[in-house]
Amino acid sequence: MTNPFFEEWATPFGVPPFAEIKTEHFKPAYEAALKAHEAEIAAIVGDANAPSFENTIVALERSGAQLDRVDLVFSQLGSANTNETLQGIERDLAPVVARHWNAIFLNPALFARIDALYQKRAELGLDAEALRVLERYHLDFVRSGAKLSLADRERFAGIVERLAVLGTEFGQNVLADEQNTVFALSEAEVDGLPDFARAAAAEMARDRKLNAPYAVTTSRSSVEPVLHFARDRAVREKVWRGFVKRGANGNASDNHAIIGEILRLRGEQAKLLGYESYAAYKLADSMAGTPKAARGLLEQVWKPGRQRALDDRVALQGLIDEEGGDFALAAWDWRYYAEKLRLARFDFDENEIKPYLELWKVVEAAFHVASRLFGVSFVPREDIEGYHPDVRVWEVQREGKTIGIFYGDYFARAGKRSGAWMTSFRKQAKLDGAVIPLVVNTCNYLKPPEGQPALLSLDEARTVFHEFGHGLHGLLSNVTYPRIAGTSVVRDFVELPSQLYEHWLESKPVLARLVHYRTGEPISQALLDRMTAAGKANKGFETVEFVSSAILDMDYHSAAISENEDIPSLERKTLDDIGMPEEIALRHASTHFLHLFSGDGYAAGYYSYLWSEVLDADGYGAFEEAGDPFDKETADRLYKYVYSAGGSRDYAEAYRLFRGRDPDVKGLLEDRGLADLIPIEDGVAG
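Under our numbering, the first residue of the sequence shown is numbered 956, with each subsequent residue one higher.
See below:
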């Protein structure tokens, strides 16, 4: 069998040849790549020469290239274009790949070489970037169990393997519920939905071959329009219940037992490494530093956010009563009546802005901001194929050179998990000549029927900018070593480039570019004024649904979880303790909290979005103080110390070099419209 993973890719810039890559290629490709990587590690360990930065750290950086090539492609397909066969391979490979990395991180001879270099690092004459790479490698190995006894290393390895299996099962279970739960809707049941949502629901019914005019699934992009606009309360409740019950239906896809086992194993893992909890372990390598600091910020924002939500709850119930509704506000009512309250208070209906937020115009606006800030341009490359017909590709240029390839995958479909994310098919490096990154943005917007525009909500447009901020973090990376390239930074810093980038969407120069898809007219000043005035509407709800999820995450990973723990009771206890309004649901209930349980990336780290929001709100203030959202001096510092720097320096220092001082929480509270509800204290954690 000809396998493209066994050949050099004769494609532009060496991008993956997706037309040639078949599902059956992955298993043999992984087997060969794992074997090659094992040989590379054995050569490093077996080197008779004394450890040096070149023969140990640089050799590690060069190792595993074949595995990276397979793994990065496979991971994205497993999330964005999967099928039953691919999922089976994913389940089979999860423990194998985990075992492979365990053998590396728990190799005592390899760690001895790294540790020897680390102990005399001040004498090696390394430049700042090389020293940073050595320090990060040493920390990676220590945090992966390298200093444990033989017996503890064996137990640690078993935990890592089991967690890899459980994380894969968790994610596949959520996707199964999203794919298998479909609500067929009648004409009457979609009453109130805007044209764009009705068209998408009609397309869904056709795709699923249902004997009904409309249909929605339980993915967020399908559910949100129903919750915001469907007049039929029973329909809102039915769809809402399906949405929040993903992974909790008592079927083969139920995730409760998986959550309990993941939490127990993570707790044991942390104890083996000498930490009192998994949260303490994860936060030790973060800007926050401790669970106490992270929780301090969450609580500082929770109190005014909850108060704002309670105030809004009274107003929403008032609207129900005025309409003669003989019922109490419930969770499936909140978004619907919040839209009515926004209209009553600010004369702003978000559907008014949608005609100006056509997807490709928003993408072009994101490109325009990158051009103004960082001097980059984007050239469509129709000759470069994506992994699905919906994927578009651009060549990214700066200062006359190609610096990366950008893939945009924006539409929801079967076989694609919900949410939005950035990933890469290749990371930037300069170790052996310039290697340009191949960066992917994935979103889940409703795909319109052929010939109709994809119109976004303001929140969806922000997501385009958010994920593109992550994308730029990867594309603009300008470091030597792959270990610290692009988004290879701690979790509560990685969201700074993405969340900061959102601010430009609503800047005057960008809004001026977003014209009506039919008339070509710009957004009127009157509509802009009403949009701005309504900008802080429903911020109490948004704060509560997010912060409650982050507190639940911190509680889960701070607690000792017993055998057969009752996960719903644990979740309920946290919500009762913080006084969660019953009319608001967690943004991510436990059984579909992919951030926490489909991998460990955001485990004990969901707070990081809020931590980074302190940085981004304060950071955008630098442009506001300069009086220009594209101020060159400020943009140059942002490029140098944040977007191009990867993990090449301490993150707090990087922020100070950009901003000129430490961040202040004031900007966050003001952006959320909560500053009037709490005495503002200086500092991130409050």
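All C-beta atoms, glycine included, are put in the ideal place defined by N, C-alpha and C. Predicted model, so just to flag it, every value in this text is computed and none were measured.
In terms of residue numbering, what span does the beta strand (DSSP E) encompassing residue i cover?
i       : result
Gln1352 : 1347-1353
Leu1393 : 1393-1400
Ile1275 : Where Ile1275 is concerned, there is no enclosing beta strand (DSSP E), although the alpha helix (DSSP H) it sits in stretches over 1246-1277.
Ser1379 : 1376-1381
Lys1356 : 1356-1366
Pro1464 : Segment 1463-1466 is the alpha helix (DSSP H) holding Pro1464; no beta strand (DSSP E) there.
Suppose you measure from the CA of residue i to the CA of residue j; what does that come to, to the nearest Å?
i       : j       : result
Leu1623 : Asn1493 : 15 Å
Lys1316 : His1471 : 10 Å
Met1129 : Glu1278 : Per the sequence shown, the amino acid found at residue 1129 is Val instead of Met. Approximately 37 Å between the Cα atoms of the pair.
Asp1548 : Ala1558 : As written in the sequence, residue 1548 is Phe, which differs from the Asp given in the question. Their Cα atoms are separated by approximately 10 Å.
Glu963  : Gly969  : 8 Å
Lys1587 : Glu1319 : 21 Å
Leu1079 : Ile1059 : 24 Å
Asn1210 : Glu1216 : 10 Å
Val1434 : Lys1356 : 16 Å
Phe960  : Gln1127 : 25 Å
Ala1014 : Ala1106 : 29 Å
Thr1418 : Ala1071 : 45 Å
Ala1544 : Thr1589 : 40 Å
Ala1141 : Leu1427 : It should be noted that the sequence gives Ser, not Ala, for residue 1141. Their backbone Cα atoms lie some 43 Å apart in a straight line.
Glu986  : Arg1054 : 13 Å
Phe1125 : Asp1095 : 25 Å
Glu1039 : Asp1132 : 14 Å
Glu1422 : Thr1397 : 8 Å
Thr1123 : Arg1221 : 16 Å
Asp1626 : Trp1566 : 14 Å
Arg1327 : Gly1197 : 44 Å
Gly1534 : Ala1207 : 33 Å
Ser1503 : Gly1147 : 30 Å
Leu1027 : Gln1021 : 10 Å
Asp1617 : Tyr1610 : 7 Å
Val1000 : Glu1337 : 45 Å
Leu1265 : Phe1282 : 18 Å
Pro972  : Ala1085 : 33 Å
Gly1638 : Val1120 : Note on Gly1638: pLDDT 35, under 50, position unreliable in the model; the coordinate value appears next. Approximately 40 Å between the Cα atoms of the pair.
What is the residue span of the alpha helix (DSSP H) that residue i lies within?
i       : result
Arg1611 : 1606-1614
Ile1217 : 1211-1227
Ala1320 : 1314-1329
Thr1123 : 1105-1135
Thr1172 : First-last for Thr1172: 1169-1172, but that is the beta strand (DSSP E), not the alpha helix (DSSP H).
His1512 : First-last for His1512: undefined, no H or E at that position.
Val1097 : 1083-1098
Glu1526 : 1522-1533
Glu1588 : 1587-1593
Glu1580 : 1563-1581
Asp1070 : 1063-1074
Val1647 : Since the displayed the chain opens at 956 and closes at 1641, residue 1647 lies outside it and no answer follows.
Glu1179 : 1175-1184
Ala1053 : 1039-1060
Val1199 : 1188-1199
Leu1298 : 1289-1301
Leu1148 : Where Leu1148 is concerned, there is no enclosing alpha helix (DSSP H), given that its DSSP letter is neither H nor E.
Tyr1236 : 1233-1239
Report whether the distance from the Cβ of residue i to the nearest heavy atom of the ligand FAD is below 7 Å.
i       : result
Leu1086 : Within the structure as shown, the ligand FAD is missing, as the structure has no ligands at all.
Tell me, to the nearest whole angstrom, how far the beta carbon of residue i is from that of residue j; I am working on the premise that it is less than 8 Å.
i       : j       : result
Leu1451 : Val1597 : 7 Å
Gly1495 : Asp1267 : 5 Å
Gly1019 : His992  : 5 Å
Arg1201 : Thr1245 : Arg1201 to Thr1245, Cβ: 32 Å. No contact.
Ser1241 : Arg1446 : 6 Å
Leu1455 : Ile1358 : Actually they do not touch by this definition, with Cβ atoms about 20 Å apart.
Val1642 : Thr1498 : Since the first and last residues shown for the chain are 956 and 1641, residue 1642 lies out of range.
Tyr1400 : Phe1366 : 6 Å
Phe1111 : Leu1041 : With a Cβ gap of about 29 Å, Phe1111 and Leu1041 do not count as contacting.
Ser1176 : Met1159 : Actually they are not in contact, since the Cβ atoms of Ser1176 and Met1159 sit about 11 Å apart, beyond 8 Å.
>> Check whether the segment 1485-1503 and the segment 1296-1309 are in contact - that is, three or more C-beta pairs closer than 8 Å.
In response: yes
>> Is it the case that the segment 978-988 contacts the segment 1341-1351, given that we only count it when at least three CB pairs across the two stretches are under 8 Å?
In response: no
>> In chain order, what are the residue ranges of uninterrupted beta strand (DSSP E) at least 3 long that sit wholly in the segment 959-1037?
In response: none
> Which runs of the alpha helix (DSSP H) fall wholly inside the segment 1403-1491 and span at least 4 residues, in chain order?
Replying inline: Listed in chain order, they are 1413-1430, 1446-1457, 1463-1466, 1480-1488.
> Per the contact definition of three or more C-beta pairs closer than 8 Å, is the segment 1282-1298 in contact with the segment 1188-1203?
Replying inline: yes
> Does the pairing of the segment 1396-1415 with the segment 1572-1585 give three or more beta-carbon distances under 8 Å?
Replying inline: no
>> Taking contact to mean 3 or more Cβ pairs, one atom from each stretch, closer than 8 Å, check whether the segment 999-1017 and the segment 1341-1348 are in contact.
In response: no
>> When you compare the segment 1256-1274 with the segment 1290-1297, are there three or more beta-carbon pairs, one atom per stretch, that lie closer than 8 Å?
In response: yes
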